[in-house]
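Numbering-wise, UniProt numbering puts 363 at position 363 of the sequence shown, and it's gapless, one number per residue.
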Amino acid sequence: MRARAVTAAAPAATVVIVELVVMALLAALTMTGLAVGWPVIAAVIVVVASAALVRFHGHTAARRALLWLRERRSDDVASQIPLPVDVRRGDLVVGVQRDADTATAVIEVYGKRYEPTVTSGRRRAITRNTVPLGVIAEQLVQPGPLVVAGIDIISSGSRVGRAHGYPPVYSAVLQEQPAAGQRSTYAIVRLDIARSIQGLALRDTVENATAAVAERLVCALRQQGCRAAPLASASVLDVIDELAGPVLTGRARARGRYVDNDGSYWATYRYSPEDITTDNLNDVWSWRVEAAVTTITLNRTDDNAVAVRALVRTQTSQVPQLAPTVYLNPLPGQQIRAALSCVPGAARLTGGGAHLLDAGETVQIPIGPTGILVGAIDDPDQRRPVLLPLTDPEHNTRIRVCDLEPDSVYLRQLVIRAAAVGHTITIYTDRPQRWAGLVDPAIEILQSPTATTTTPTIVVKDRADGQPRTSAPTIVSLPTDSSYPTGLKPDIEFTQLADDEVLISTTAWDTALTIASFPDETNYLGLDDRQPIRR
Numbered sequence: 001m002r003a004r005a006v007t008a009a010a011p012a013a014t015v016v017i018v019e020l021v022v023m024a025l026l027a028a029l030t031m032t033g034l035a036v037g038w039p040v041i042a043a044v045i046v047v048v049a050s051a052a053l054v055r056f057h058g059h060t061a062a063r064r065a066l067l068w069l070r071e072r073r074s075d076d077v078a079s080q081i082p083l084p085v086d087v088r089r090g091d092l093v094v095g096v097q098r099d100a101d102t103a104t105a106v107i108e109v110y111g112k113r114y115e116p117t118v119t120s121g122r123r124r125a126i127t128r129n130t131v132p133l134g135v136i137a138e139q140l141v142q143p144g145p146l147v148v149a150g151i152d153i154i155s156s157g158s159r160v161g162r163a164h165g166y167p168p169v170y171s172a173v174l175q176e177q178p179a180a181g182q183r184s185t186y187a188i189v190r191l192d193i194a195r196s197i198q199g200l201a202l203r204d205t206v207e208n209a210t211a212a213v214a215e216r217l218v219c220a221l222r223q224q225g226c227r228a229a230p231l232a233s234a235s236v237l238d239v240i241d242e243l244a245g246p247v248l249t250g251r252a253r254a255r256g257r258y259v260d261n262d263g264s265y266w267a268t269y270r271y272s273p274e275d276i277t278t279d280n281l282n283d284v285w286s287w288r289v290e291a292a293v294t295t296i297t298l299n300r301t302d303d304n305a306v307a308v309r310a311l312v313r314t315q316t317s318q319v320p321q322l323a324p325t326v327y328l329n330p331l332p333g334q335q336i337r338a339a340l341s342c343v344p345g346a347a348r349l350t351g352g353g354a355h356l357l358d359a360g361e362t363v364q365i366p367i368g369p370t371g372i373l374v375g376a377i378d379d380p381d382q383r384r385p386v387l388l389p390l391t392d393p394e395h396n397t398r399i400r401v402c403d404l405e406p407d408s409v410y411l412r413q414l415v416i417r418a419a420a421v422g423h424t425i426t427i428y429t430d431r432p433q434r435w436a437g438l439v440d441p442a443i444e445i446l447q448s449p450t451a452t453t454t455t456p457t458i459v460v461k462d463r464a465d466g467q468p469r470t471s472a473p474t475i476v477s478l479p480t481d482s483s484y485p486t487g488l489k490p491d492i493e494f495t496q497l498a499d500d501e502v503l504i505s506t507t508a509w510d511t512a513l514t515i516a517s518f519p520d521e522t523n524y525l526g527l528d529d530r531q532p533i534r535r
């Protein structure tokens, strides 16, 4: 439920302060020679009480004035992000940031490989690739004693790429299904230096202690089958630039309810405690925004309960007039600080209620991208789309296409949908007529194996001679590719079973799906431009 914009609170200590301020003001007015009658006394009481007791979006007028002044000095906030230094822990290298209060380490969470996501309407997305929140909660308590101020789970991504043409059509095809074509997941560990003094006395340095906490979290995640790795300094700087670039370069300007990033706009909102649910967090990836960043913060309360807070930052091409959904709370006057709350080493936004996790309760936080639409499960009462990532953040991917015609509609769908979510694709073919009409700025079709190419995310090999010998994060081998290694089991395999059915196999699972086609995307597949192929 969205919190009330205007509230009032009268703690005893605040009331006493109000009384003292009123008496001081009245005394000052009397000393100036002003006649202090009942109207003046009443006016002073109303003004001071309103400034101290009435809250607008959780803050008094006095507090909001201070926040406004802080927003005007956004450069100072950005300059307080400390630079990381590398600390080696066995085979791991951890980039640790440190300021006077907090030491920070960043872990990239990869999760399971090639896990599908099944959607069934807005806010509903089912996947096995989720953050083991119980492990995160356990790691909030450290030996030593070391005190963890909090662990932030950051998900940064987009539904589709920011481009004209097919990407917005593909987003519309997905309707309100939660889909993140691109998404990265990080765990940011924050060590409270002051409260860890006793434990730090037993360590060489604060940086070593922080790296040890990060190492324990990585090991705990891996034991649960969740791949994760700490980031070294260079990678931490990349994440900082990704999440806070416009603020760090001085291009960002606070505008009350949003941040102007020189042509794009960030708006950050807070979740009320009762709205921090799996469905509401999934809902983010159904919004029609250019990109989004969610920040889920876990920490321990004084009575050892696990408290969860949540923020979401949206990026749009137009000034945001309203929140994407009714249950989000705006943060006027705090947008720079709120926008940086997802950034490693930056100060966190304070205040706001927390959801306390009951024993056994969890919130499902998906890891990594959902990928692209590869088919659907036809249930008696509904069709449930299935999405699958074609890349892996930790390893290169080999995909093999079997029993599928090189010029099939399904193959074209996979290629153009991958381009729609932001992948750059190069197709090497000795029969370019197969791909005629498949025109997209992110797709490059090359007939010559020696042609100069860009740096693609995905390479499609459709040549009988197997050329060129190339590498890429993902290589797709068609039946025509003679270079596919004999006996190599692909990471993902597509086998067409019928005109409307495909079998998808990985090392962990296989399933038959109905091919999902939509009239709105037909014009982008170039089917009418194909030339007949002589066999």
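Each residue gets a CB set at the ideal place from its N, CA and C atoms; glycine is no exception. This structure is a prediction, so every number in the text was calculated from the model and none was measured.
Who pairs with residue i in a beta bridge, going by DSSP?
i      : result
Cys402 : Thr495
His355 : Val308
Glu19  : Beta-bridge pairing links Glu19 to no other residue.
Leu373 : Leu387
Thr397 : Thr474
Glu361 : DSSP, once it has assigned bridges, lists no residue as partnering Glu361.
Val439 : BP columns for Val439 are empty, so no partner.
Asn329 : Arg270
Asp378 : Arg383
Leu513 : Val502
Arg183 : Gly157
Ile458 : Ile425 and Thr474
Under three-state DSSP, which class holds residue i?
i      : result
Asp192 : strand
Arg463 : coil
Val135 : helix
Glu501 : strand
Glu176 : coil
Leu146 : strand
Gln447 : coil
Ile151 : strand
Pro366 : strand
Gln335 : helix
Tyr428 : strand
Val46  : helix
Gln531 : Since pLDDT at Gln531 reaches only 43, below the 50 mark, its modelled position is unreliable, and no value is offered.
Val141 : strand
Leu25  : helix
Thr32  : coil
Pro490 : coil
Gln321 : coil
Can you tell which of the options has the C-alpha that lies nearest to the C-alpha of residue i?
i           : options                           : result
Ala291      : Asp152, Gly134, Gly181 and Val46  : Gly181
Val206      : Ala220, Met23 and Gly95           : Gly95
Val326      : Ala307, Ile154, Glu521 and Tyr269 : Tyr269
residue 545 : Thr295, Ala498 and Trp38          : The question about residue 545 has no answer here: the residues shown for the chain are numbered 1 through 535.
Pro178      : Asp381, Ala436, Pro369 and Trp435 : Pro369
Asp275      : Leu221, His355 and Ala338         : His355
Gly371      : Ala125, Pro39, Arg98 and Val47    : Ala125
Ser408      : Pro11, Thr495, His395 and Ala137  : Thr495
Leu331      : Cys226, Ala420 and Tyr258         : Tyr258
Ile492      : Thr486, Tyr484, Ser483 and Ile504 : Ile504
Val459      : Arg348, Thr452, Gly466 and Thr474 : Thr474
Asp358      : Gly134, Asp86 and Leu92           : Gly134
Val131      : Gln413, Asp152, Gln142 and Leu146 : Asp152
Asp91       : Val218, Leu202 and Leu200         : Val218
Val415      : Leu349, Asp381, Pro456 and Trp287 : Pro456
Val239      : Leu26, Val343 and Gly144          : Val343
residue 576 : Ile41, Pro116, Arg313 and Ala214  : Residue 576 lies beyond the range of the chain shown here (1 to 535); nothing can be said about it.
Output needed for residue i: all residues of its chain with C-beta closer than 6 angstroms, excluding positions within five of it in sequence on either side, in chain order.
i      : result
Val109 : Thr185, Ala187, Ala228 and Ile367
Ala112 : Ala is not the amino acid found at residue 112; the sequence shown has Lys there. Taken in chain order, the residues that qualify are Asn129.
Val319 : Tyr265
Pro393 : Tyr110
Residues in its own chain within less than 7 angstroms of residue i by CB, not counting five upstream and five downstream?
i      : result
Arg463 : Tyr428, Thr429, Asp430, Pro449, Thr480 and Asp481
Asn299 : Leu140, Ala149, Gly150 and Ala307
Thr102 : Ala149, Arg190, Leu191, Asp192 and Ile193
Pro273 : Gly353, Ala354 and His355
Arg195 : Val147
With a threshold of 7 angstroms (Cβ to nearest heavy atom), would residue i be considered close to the ligand GTP?
i      : result
His395 : The ligand GTP is not among the ligands present in this structure, which contains no ligands whatsoever.
Please return the same chain residues whose Cβ sits closer than 8 angstroms to the Cβ of residue i, not counting the five positions on each side in sequence.
i      : result
Gln531 : Here Gln531 scores only 43 on pLDDT, less than 50, and its place in the model should not be relied on; the value that follows carries that caveat. Cβ neighbours of Gln531 beyond the five flanking positions: Gln433 and Ala436.
Asp500 : Thr514 and Ile515
Arg534 : Confidence is the limiting factor: at Arg534 the pLDDT is only 33, short of 50, which leaves the residue's position unreliable and the question unanswerable from this model.
Taking only runs of the alpha helix (DSSP H) that begin and end inside the segment 250-318, which ones reach a length of at least 4 residues, in chain order?
-> 278-283
Segments of 4+ residues assigned as alpha helix (DSSP H) that fall wholly inside the segment 197-259 | 197-200, 206-223 and 233-248
Beta strand (DSSP E) runs contained entirely in the segment 78-133, provided each spans 3 or more residues = 85-89, 92-98, 102-111 and 117-119
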